[in-house]
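Scroll down for the structure; my scribbles are underneath it.
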Amino acid sequence: MGRVVFDIKRFVRSKHTYEQNASIQRRMRYKLLDMLRLYGKLEFESIFEFGAGNGEFTQLLCGHIRYQSYICNDINDYGLNPSLIPHMRYFVFDIAEIHSTPLWKMRFDLITSNACLQWLDFRQTIGQLRQILAPNGLCLLSTFGQANCQEVREITHYGLEYLSLEAIREILERYFEIIVLEEEKLCLQFSSPLEVFRHLKQTGVNALSHKAFLSKKMLECYQARFHNTLTYHPIYMLLVYKS
């Protein structure tokens, strides 16, 4: 399978249609909030959210917790208005370069992100998060597993390289105590194969540098093999700082 690269320009173009089409990502952020509630900790001094995008998860989370400082980050400025969220600051940089920013010297009680880690080097990012997490701090994260959009990968021969749940567990155990690590598989049904790819375009999920040409034959093959379905494979993590 060809390795694909995230095309940020294409993802930015999708931002205005993302929220109305990203039902899976919406489900995921409510799942993360429920995990935090069940753990019983809803008050934090400092919070860092990376891959904040338009701020949908930011606003949901801030409506249910107490905090003193909330720092958001994304690789692009999505126009999230800091005045809408009390005590929030927005930094634009590549999370892979966090070691060269002022945030590297800070320590956060909660680090969180929804549906972003799949674009990053998982092992490197997890190590960086451990570095900026305060003692007894929490990480609340989600990503996607190997079955994610598997139908599209089989038809186009392109797709992100996802980790298995066990590979994720192995990496996490080096840095954190794992409170929650679970997965689910969700199947969306569409009226046609073209609607599948339109959905991907509108959510930015197919924001890939390889321009895979969708022929009539490919669309017919998609319908015959997968009956216009699309699989999502969310993975959820709640982690505690480990000395």
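Residue numbers (the numbering used here): -5 to 237.
Every residue, glycine too, gets a C-beta built ideally from N, C-alpha and C.
Fair warning: this is a prediction, and the values are worked out from it, not measured in the lab.
query	result
For I165 and W98, the rounded distance between their alpha carbons	21 angstroms
Local conformation of T95 per DSSP, three classes	coil
Sufficient close CB pairs (3 or more, under 8 angstroms) joining the region 185 to 193 to the region 211 to 227	yes
Opposing strand residues paired with I268 [DSSP bridges]	The requested residue 268 does not occur in the structure, where the chain is confined to residues -5 to 237.
CA-to-CA distance, R163 to F44, given in whole angstroms	21 angstroms
Cβ neighbours of G57 in the same chain (closer than 7 angstroms, five flanking residues each side left out)	none
Option nearest L36 by Cα separation, candidates I105, D71 and T119	I105
Same chain, Cβ closer than 7 angstroms to L176, five either side skipped, listed in chain order	The sequence given here has Glu at residue 176, not Leu. Excluding positions up to five away in sequence, the list reads Y230.
Backbone CA spacing between R101 and N142 [nearest angstrom]	33 angstroms
Helix, strand or coil at M29 [DSSP, three-state]	helix
For R60 and P129, the rounded distance between their alpha carbons	19 angstroms
Where Q118 falls: helix, strand or coil (DSSP)	helix
7 angstroms Cβ shell around D88 - same chain, five flanking residues per side excluded	I69
L232 versus F38 - alpha carbon distance	15 angstroms
R(-3) burial status per 10 Å Cβ neighbour count (16 or more: buried)	Because R(-3) carries a pLDDT of 32, less than 50, the predicted location of this residue cannot be relied on, and the following value inherits that uncertainty. R(-3) is exposed by the Cβ-count criterion.
Inter-residue Cα distance where the pair is D115 and S77	32 angstroms
Distance CB(L26)-CB(L134) smaller than 8 angstroms	yes
Coarse secondary structure for R192, derived from DSSP in three states	helix
F207 (DSSP reduced to helix, strand or coil)	coil
Cutoff 7 angstroms; reference L111; Cβ partners in own chain excluding five residues on either side	T119, L135 and T137
Start-to-end residues for the alpha helix (DSSP H) that takes in C56	E50 to C56
Supposed contact pair M22 and N108 - C-beta distance, whole angstroms, cut 8 angstroms	6 angstroms
Member of S158, I126, S40 and L194 whose CA lies at the smallest distance from the CA of S63	S40
Proximity below 8 angstroms, CB of T225 to CB of Q144	yes
Test item: CB-CB of G121 and D103 under 8 angstroms	no
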